[in-house]
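Here's the structure we're looking at; comments come further down.
There are 2 protein chains.
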Amino acid sequence: MTVNNVKRQKYGIRESFIERIQNAIDMGLKTQVKKLVPDLHPADQADLIYNLDHDQRLSLIEILGNKLEAEVLVELDGEVREEIIGYLDKEHLSKALSDLDTDDAVDIIEEMGDDLTNETLDSIKSSRKREAIEESLSYPEDSVGRLMVPKQYAAVPKDWSVNEVIKYIRSNRKLPEDFSEVVVVDEYFRPVSIISVSYILKSAGDKIISQIMEDPEDLKILRADMDQSEAANLFKKYGLKLSPVVDDGGLLIGTISSNEIIEVIDEEAEEDMLLMGNVNEADMHASVFTAAKGRFPWLMTSLATTAVSSFIIGMFSDTIEKVVVLAALMPIIAALAGVGGNQTLTVFVRNLAIGAISSRNVGKTILKEVLMGFFNGLIVATCAGVAVYVWKQDLMLCFVFGVAIVFALTLSGLIATVVPWTVSKLKLDPAITSGAFITTTLDALAFLVFLKMATLFIL
Amino acid sequence: MTVNNVKRQKYGIRESFIERIQNAIDMGLKTQVKKLVPDLHPADQADLIYNLDHDQRLSLIEILGNKLEAEVLVELDGEVREEIIGYLDKEHLSKALSDLDTDDAVDIIEEMGDDLTNETLDSIKSSRKREAIEESLSYPEDSVGRLMVPKQYAAVPKDWSVNEVIKYIRSNRKLPEDFSEVVVVDEYFRPVSIISVSYILKSAGDKIISQIMEDPEDLKILRADMDQSEAANLFKKYGLKLSPVVDDGGLLIGTISSNEIIEVIDEEAEEDMLLMGNVNEADMHASVFTAAKGRFPWLMTSLATTAVSSFIIGMFSDTIEKVVVLAALMPIIAALAGVGGNQTLTVFVRNLAIGAISSRNVGKTILKEVLMGFFNGLIVATCAGVAVYVWKQDLMLCFVFGVAIVFALTLSGLIATVVPWTVSKLKLDPAITSGAFITTTLDALAFLVFLKMATLFIL
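Line by line, the protein sequences are chains A and B.
Just so we're aligned, residue 0 is where the first sequence starts under numbering that gives the first Met the number 0, counting upward by one.
Just so we're aligned, residue 0 is where the second sequence starts under numbering that gives the first Met the number 0, counting upward by one.
Here it is in structure tokens:
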């Protein structure tokens with residue numbers, strides 16, 4: 000394995016390679032396409048498909064005989080996956096789904112419409128696989144039950160010896176191909192602890208599992224109806240490798256490993272980031288029109304809420320007509336309120352997401368943010384006031400401007416905490432409360448204070 | 000394990016429990032504190048420490064005899080970790096560090112000042128451990144070399160039989176306690192493939208490793224000087240469990256598993272989110288003054304850049320004096336430019352982070368964003384124009400306002416892609432280009448177009 004080879008792998012699929020396949024598709028070089036594409040890693044095939052336009056995608060699937068490795072579907076997202084599924088042979092699709100691990104099959108099926116879901120489920124021939132998928136689908140969306148690998152796990156009683164366990168693993172063909180930890184269960188099949196395969200292998204053959212398993216107090220058990228993000232927080236906090244999943248009665252029904260959790264963490268981070276940036280999840284791979292359509296409501300919301308600011312400014316048009324410089328200073332107040340509100344919101348939403356904010360400490364957190372807004376407001380206002388004095392030599396204007404800045408920043412600490420906290424209490428995602436609402440509310444109130452004070456003191 | 004027990008574990012440390020320990024500290028109940036705290040999981044001890052104030056932290060460490068499990072330090076961040084390290088007994092600290100896994104010790108040492116680093120390194124007694132830490136520290140910050148577990152890995156030649164490997168694992172006491180995959184190497188100790196311990200265990204004893212190992216084409220090798228985020232992208236894309244780390248010559252020097260990657264993904268997501276929200280990483284657990292100090296430069300930047308907008312508005316004060324409604328409409332243009340710019344920036348920065356944007360497709364991406372801005376601009380401008388007509392019955396005002404909106408949103412598609420792209424080409428983090436700069440540039444240009452057109456057409 001040379002350094003060059005390492006470099007090539009570092010970047011996944013090479014760009015020139017994508018271009019070569021695109022050309023081959025455009026030129027109808029079927030043999031070449033049939034030879035090159037299936038050799039790629041499924042994740043790279045997905046990359047290739049993202050890079051094609053609609054016509055090229057259709058051609059590609061046709062050249063491949065309306066077939067595609069099921070793993071490629073797992074790697075695709077939203078709109079593009081739907082498009083590709085539409086091109087595939089129906090019989091091939093249900094076969095592909097039954098070949099997949101249950102969690103991957105569920106990932107694809109849960110995004111189909113209800114009709115298509117039932118049709119697809121019915122067409123899966125292995126009744127064992129179908130039941131596993133149906134069980135997984137019976138748990139709420141974004142729950143641990145949807146994520147777990149049901150039924151497929153290695154579990155042993157705590158009173159077995161190391162030799163017994165090794166014999167069991169070597170002889171039992173139903174175990175998953177690949178597992179790094181074994182779940183230790185009690186006589187009722189309730190998880191008690193876990194133990195790594197390597198540790199079992201390294202222990203003396205006559206040791207009893209309960210003597211060498213991890214401390215049962217450290218076991219973190221997940222309930223199937225628990226939210227995936229809660230599970231992810233547990234994995235992050237305690238550095239878990241594998242967690243048993245139990246049903247309502249506490250019985251072992253599946254497992255979740257850090258590999259599944261990586262996907263959850265990545266998806267959640269993306270979701271939060273996109274929400275705070277006022278775009279939808281589907282935006283990332285969507286066509287111009289779909290993406291534009293998804294962004295439009297946020298713009299209209301902003302238009303509607305900012306109209307309140309316009310209305311407030313409109314009320315003071317006499318004042319502005321006489322002191323036109325007020326119009327020039329308003330954007331500064333709005334920008335500072337925007338940055339300050341965004342700072343508070345970002346930290347607060349992140350702390351909410353990692354579970355660091357509770358009813359017990361929320362008051363302290365809000366106070367801290369308000370204080371920070373106030374302190375920073377005082378300093379920024381002083382600097383801004385001096386600058387305005389240099390520009391206009393009007394002390395009263397500096398005073399009014401400064402007070403408005405302090406007000407805007409202090410208020411930003413209050414609104415950008417109380418609003419997301421309330422939203423989270425309503426069981427909604429606090430990341431959604433971003434930009435539009437908080438900023439425009441802040442702007443409107445800060446303009447009101449600024450213009451009202453200007454009317455009273457400067458006119 | 001009852002359901003209640005599951006629920007308790009779900010939330011980690013109970014809030015009432017934290018309060019109980021806080022009270023015990025305040026009341027000087029040393030025996031109780033000494034009994035309760037060390038029993039907690041290190042992550043929970045860290046949670047407890049975050050929840051204490053400075054005096055309580057000092058008391059806690061004193062009660063514990065200026066000692067603390069090393070794992071607790073690993074769980075703490077930035078300022079708080081520094082504070083706690085300051086309270087600890089120096090000899091205890093170096094012992095604690097040498098007990099830690101190398102990557103965890105590196106994580107703590109790399110955040111110390113240079114003097115303290117050397118002093119601490121010198122005090123570590125095990126020369127093997129010290130050398131491992133020094134090797135890790137020789138790689139750049141945020142590189143794979145800092146993250147890997149050096150020297151500690153299970154590696155076997157590809158021509159060994161399953162029985163030989165099992166015997167090696169059972170007899171070799173130098174192997175890590177816990178490992179799920181074994182690295183397969185060639186005669187020069189270059190990684191060739193990996194294979195899971197469970198799969199080895201399940202295979203017939205006379206099978207040769209090269210027959211049963213994973214397809215070498217699927218192996219993703221990491222170079223020690225590679226960026227951690229690149230490694231994380233590979234793990235996410237290809238669903239890796241473990242990757243071998245090699246030096247410049249391609250020789251195996253360590254491994255990285257998905258557990259280390261979870262931390263990277265989480266940290267990177269946090270970092271990006273905080274940067275885009277104009278706060279520093281340290282903000283999350285900082286005191287009011289430190290956090291406020293960290294946020295202040297962003298506010299000042301915003302003040303300085305928005306001054307350009309004020310200056311532009313100031314140039315048109317005659318126009319605004321005569322058509323005061325312009326002042327009321329400007330915040331709408333600014334808000335729309337802000338939301339539009341933020342939407343584009345969020346998607347673009349995210350796509351950059353996951354490696355979906357390259358020189359080959361960046362032109363297409365920019366065009367797409369500009370088109371989206373233009374289309375959405377047209378529709379939003381129409382709605383806004385109608386509203387303004389209802390309010391003021393001035394067709395020319397509607398026209399000027401509408402054109403300014405279309406201009407602002409189209410431009411937002413251009414600036415919020417070109418700027419982060421340029422920043423990323425300069426090897427800086429594109430997430431840093433957010434808010435302040437892009438929004439204020441957009442505002443200033445949009446105001447200029449709006450007021451210039453108003454001067455030409457309305458006056």
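The beta-carbon is built from N, C-alpha and C at its ideal position, and this holds for glycine as well.
Note that this is a predicted model, so its numbers are computed, not measured.
Check whether residue i and residue j have beta carbons under 8 Å apart
i                      : j                      : result
residue 164 of chain A : residue 220 of chain A : no
residue 190 of chain B : residue 243 of chain B : yes
residue 263 of chain B : residue 252 of chain B : no
residue 414 of chain B : residue 437 of chain B : yes
residue 227 of chain A : residue 103 of chain A : no
residue 41 of chain B  : residue 70 of chain B  : yes
residue 301 of chain A : residue 399 of chain B : no
residue 294 of chain B : residue 307 of chain B : no
residue 372 of chain B : residue 408 of chain B : yes
residue 370 of chain B : residue 410 of chain B : no
residue 83 of chain A  : residue 56 of chain A  : yes
residue 107 of chain B : residue 161 of chain B : no
residue 75 of chain A  : residue 45 of chain A  : yes
residue 60 of chain A  : residue 51 of chain A  : no
residue 505 of chain B : residue 345 of chain B : Nothing can be reported for residue 505 of chain B: it is not among the residues displayed for chain B, which extend from 0 to 458.
Beta-carbon proximity list for residue i, same chain, < 6 Å, skipping 5 on both sides
i                      : result
residue 178 of chain B : 153
residue 128 of chain B : 97
residue 267 of chain A : 228
Neighbour list for residue i in chain A, Cβ cutoff strictly below 7 Å
i                      : result
residue 439 of chain B : 334
Beta-carbon contacts of residue i that lie in its chain and below 8 Å, excluding the five residues immediately before and after
i                      : result
residue 322 of chain A : 396, 453, 457 and 458
residue 138 of chain B : 144, 145, 223 and 224
residue 195 of chain B : 179, 180, 181 and 240
Partner residues on chain A for residue i, Cβ-Cβ distance less than 8 Å
i                      : result
residue 320 of chain B : 320 and 323
residue 297 of chain B : 338 and 342
Close Cβ partners of residue i (< 7 Å) along its chain, the five nearest in sequence each way excluded
i                      : result
residue 79 of chain B  : 48, 49 and 284
residue 474 of chain B : Within the shown structure, residues of chain B are numbered from 0 to 458, placing residue 474 of chain B beyond reach of any answer.
residue 131 of chain B : 101, 149 and 150
Span separating the alpha-carbon of residue i from that of residue j
i                      : j                      : result
residue 64 of chain A  : residue 17 of chain A  : 20 Å
residue 392 of chain B : residue 325 of chain A : 25 Å
residue 37 of chain A  : residue 89 of chain A  : 20 Å
residue 258 of chain B : residue 240 of chain A : 7 Å
residue 192 of chain B : residue 203 of chain B : 19 Å
residue 314 of chain B : residue 290 of chain B : 37 Å
residue 280 of chain B : residue 427 of chain B : 16 Å
residue 9 of chain B   : residue 449 of chain B : Low local confidence applies: a pLDDT of 40 at residue 9 of chain B is under 50, so the model's placement there is unreliable, and no value is given.
residue 43 of chain A  : residue 144 of chain B : 26 Å
residue 54 of chain A  : residue 24 of chain A  : 10 Å
residue 349 of chain A : residue 317 of chain B : 46 Å
residue 184 of chain A : residue 247 of chain A : 16 Å
residue 212 of chain A : residue 256 of chain A : 18 Å
residue 358 of chain B : residue 412 of chain B : 18 Å
residue 217 of chain A : residue 382 of chain B : 59 Å
residue 206 of chain B : residue 419 of chain B : 53 Å
Residue range of the unbroken alpha helix (DSSP H) whose run includes residue i
i                      : result
residue 330 of chain B : 324-352
residue 372 of chain A : 361-391
residue 77 of chain A  : 77-86
residue 122 of chain A : 113-122
residue 242 of chain B : That residue, residue 242 of chain B, is in no alpha helix (DSSP H); its beta strand (DSSP E) goes 241-245.
residue 223 of chain A : Unbroken run through residue 223 of chain A: none, as it is neither H nor E.
9 Å Cβ cut-off: residues of chain B touching residue i
i                      : result
residue 308 of chain A : 327, 330, 331 and 334
Contact list for residue i against chain B, beta-carbon separation under 7 Å
i                      : result
residue 238 of chain A : 258
residue 345 of chain A : 272, 273, 276 and 278
Chain B contact residues for residue i, given Cβ-Cβ distances below 8 Å
i                      : result
residue 397 of chain A : Ordered by position in chain B, no residue passes the 8 Å Cβ test against residue 397 of chain A, which lies about 14 Å from the chain.
First and last residue of the uninterrupted beta strand (DSSP E) at residue i
i                      : result
residue 429 of chain B : Counting along the chain, residue 429 of chain B falls outside any beta strand (DSSP E), and DSSP gives it neither H nor E.
residue 195 of chain B : 190-195
residue 256 of chain A : 251-256
residue 278 of chain B : Where residue 278 of chain B is concerned, there is no enclosing beta strand (DSSP E), given that its DSSP letter is neither H nor E.
residue 36 of chain A  : Careful: residue 36 of chain A lies outside any beta strand (DSSP E) and carries neither H nor E.
Chain A residues whose Cβ lies nearer than 9 Å to that of residue i
i                      : result
residue 212 of chain B : Going along chain A, no residue has its Cβ under 9 Å from residue 212 of chain B, so there is no contact; the nearest lies around 12 Å.
residue 40 of chain B  : 216, 217, 236 and 237
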